[in-house]
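See structure below.
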Amino acid sequence: MLDGFDLGVGIVHLVVAKSDMERRQVLRTIGPVWDGNEVWLLATGGTLYFAFPALYASGFSGFYLPLMIVLWLLVFRGISIEFRNHVESPVWAPLWDAVFCFSSLLLAVFYGAALGNVVRGVPLDARGYFFEALWTDFRLGPETGILDWYTILVGLAAFFALAQHGALWLLVKTAGAVEERARRVARVVWWGVAALTVLVTWFTFRAQPQVLANLSAHRWGYVFPLLALAGLLAVRWFLGRQSAAQNTAQTVAKNERKAFLASCAYLLGMLASVVFGLYPYVLPARGNPAYALTVHNAKASDYGLRIGLVWWTIGMILATAYFVFLYRHFAGKVAAGTDREGY
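Residue numbers for the sequence shown follow my numbering, beginning at 79 and rising by one.
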């Protein structure tokens, strides 16, 4: 929900920003927060390390190649943002814009494909390790790779969802031509999000029957997919109410914020649905279910969990306080200008 919107901004910024000034305006909307948002990626890795060391060891070794690709994409994305604001050149600026866009796009797809691999399951052995090629024949089966038709479908769903999220963030943070283009992009992309949500849901039930079994056994869990559905419909509702001809500027701004929050609810509902549907598995095994990693056999010792929870809580409180201050301090719309610092 946090790092997602700046990835989405990268995906759509070549479409919503046409001039150099507008692209600087777009970068200033994420300038103060994009690098801080990636702290949550580190926090996720740290949480896995202390809470589920077996999952950390298995996942990071099995997904070694895609993790290296993701690492380099993060590096190139960070370089493109920083160099874009420090190199005045009609040649280099478009290059860094393209790097920013395509690295953000590929990161969204790879994050989605990674989630698809977790849902689908991986070929774990008796030791809890696995290896997969990046791709084979793209079909589900015992010899499938990290990229198959299902994980690519989930990757496309993540791409559209984050593109919508980024466009809605630009609605909240920009004014003028960029805001209007972002509104049009969000309205168009919404249809892709809706269609892919239906497709991913249907094929997830086929690729991983555990998800539907958990929902059928514990019907209160339907609150999570219903949250996602409500968020998706609310995005469309608030986008439809953002007509300046019918509302005051203050009302339009409120609807823009509500649309962004609805997108947050959609993403939260989808992720929570996956977690609930897979429980107690944290990494299902494809082939032999007995080799799967669960919250029970992958967790750290009780003593380690108690100590880790104390420090994790302190860290989360400090990080949350910092982010609350940051977002409040840089609240409001970013006007187009010639500022070169990115924020």
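All C-beta atoms, glycine included, are put in the ideal place defined by N, C-alpha and C.
Inset, instruction - Under 8 Å by Cβ, that's how I've got residue 341 and residue 301 pegged, so tell me the actual separation to the nearest angstrom. - result: Not confirmed; about 18 Å, so no contact.
Legend entry - Neighbourhood of residue 92 by C-beta distance below 7 Å, restricted to the same chain and skipping five residues each side: 175 and 179
Legend entry - Sequence-distant residues of the same chain with beta carbon closer than 6 Å to residue 271, five excluded per side: In the same chain as residue 271, and ignoring 5 residues on each side of it, the C-beta atoms closer than 6 Å to its own belong to 238, 239 and 242, in chain order.
Inset, instruction - Just the C-alpha distance for residue 333 and residue 396, rounded to the nearest angstrom, thanks. - result: 31 Å
Inset, instruction - Examine the Cβ distances between the segment 397-415 and the segment 153-167 and report whether three or more of them are shorter than 8 Å. - result: no
Legend entry - N- and C-terminal bounds of the beta strand (DSSP E) containing residue 360: 359-361
Inset, instruction - Compare the Cα-Cα distances from residue 245 to each of 235, 264 and 230 and report the closest residue. - result: Residue 264 is the option with its Cα nearest to residue 245.
Legend entry - Identity of the residues DSSP links to residue 313 by a beta bridge: Answer is none; residue 313 lacks a bridge partner.
Legend entry - Collapsed DSSP secondary structure at residue 95 in the structure displayed: coil
Inset, instruction - Return the chain-ordered list of same chain residues with a C-beta closer than 8 Å to the C-beta of residue 288, the five sequence neighbours on each side being excluded. - result: 355, 356, 359 and 362
Legend entry - Cβ contact (3+ pairs, closer than 8 Å) linking the segment 267-285 and the segment 107-125: Contact between the segment 267-285 and the segment 107-125 is absent: fewer than three C-beta pairs spanning the two stretches fall below 8 Å.
Legend entry - residue 326, DSSP secondary structure in three states: coil
Legend entry - Classification of residue 195 by the beta-carbon crowding that lies within 10 angstroms, buried from 16 upward: buried
Legend entry - At least 3 beta-carbon pairs within less than 8 Å: the segment 146-164 vs the segment 98-112: yes
Legend entry - Which listed residue (228, 97, 188 and 134) has its alpha carbon closest to that of residue 285: 228
Legend entry - With 16 other Cβ atoms within 10 Å as the buried cut-off, status of residue 326: exposed
Inset, instruction - Using a Cβ-Cβ cut-off of 8 Å, state whether residue 310 counts as contacting chain D. - result: Absence of chain D from the displayed structure is noted, only one protein chain being present.
Inset, instruction - Specify, as a first and last residue, the run of the alpha helix (DSSP H) that residue 412 falls within. - result: No alpha helix (DSSP H) holds residue 412; DSSP gives it neither H nor E.
Inset, instruction - Work out the CA separation of residue 256 and residue 419 for me, nearest whole Å. - result: Legend: pLDDT at residue 419 = 49, less than 50; position of this residue unreliable, value from coordinates given subsequently. Those two C-alpha atoms are separated by around 19 Å.
Legend entry - Three-state secondary structure assigned by DSSP to residue 419: Annotation note: pLDDT 49 at residue 419 (below 50); position unreliable, coordinate value reported separately. In the structure shown, residue 419 adopts coil according to DSSP, grouped into three states.
Inset, instruction - Return the Cβ separation of residue 259 and residue 94 in integer angstroms, given the expectation that the two are a contact with Cβ distance under 8 Å. - result: 4 Å
Inset, instruction - Pick out the complete beta strand (DSSP E) segments inside the segment 182-210, 3 residues or longer, and give them in chain order. - result: If only uninterrupted beta strand (DSSP E) runs of at least 3 residues are considered, none is enclosed by the segment 182-210.
Inset, instruction - Thinking residue 118 and residue 84 are a contact (beta carbons under 8 Å), I'd like their distance in whole angstroms, please. - result: In fact, because the Cβ distance is near 11 Å, the residues do not count as touching under 8 Å.
Legend entry - When 236, 127 and 375 are compared against residue 349, the one with the closest alpha-carbon: Closest option to residue 349, Cα to Cα, is 236.
Inset, instruction - Go through its chain and collect everything with a Cβ distance to residue 121's Cβ below 8 Å, but skip five positions before and after it. - result: 393, 394 and 397
Inset, instruction - With a 10 Å radius around its C-beta and 16 neighbouring C-beta atoms as the bar for buried, classify residue 303 as buried or exposed. - result: Residue 303 is classed as buried because its beta carbon has at least 16 other beta carbons within 10 Å across all chains shown.
Inset, instruction - Quick one: which unbroken beta strand (DSSP E) runs of 3-plus residues sit fully inside the segment 333-400? Chain order, please. - result: 359-361
Inset, instruction - Using 10 angstroms around the beta-carbon of residue 391, count the other beta-carbons present and answer buried if the total reaches 16, otherwise exposed. - result: exposed
Inset, instruction - Could you please give me the residues that DSSP links to residue 252 through a beta bridge? - result: Note: residue 252 sits in a beta bridge opposite 412.
Legend entry - Span separating the alpha-carbon of residue 100 from that of residue 412: 10 Å
Legend entry - Endpoints, the alpha helix (DSSP H) within which residue 163 is located: For residue 163, no alpha helix (DSSP H) run applies, since DSSP gives it neither H nor E.
Inset, instruction - Just the C-alpha distance for residue 199 and residue 364, rounded to the nearest angstrom, thanks. - result: Taking the straight line from one Cα to the other gives about 5 Å.
Legend entry - With 16 other Cβ atoms within 10 Å as the buried cut-off, status of residue 369: buried
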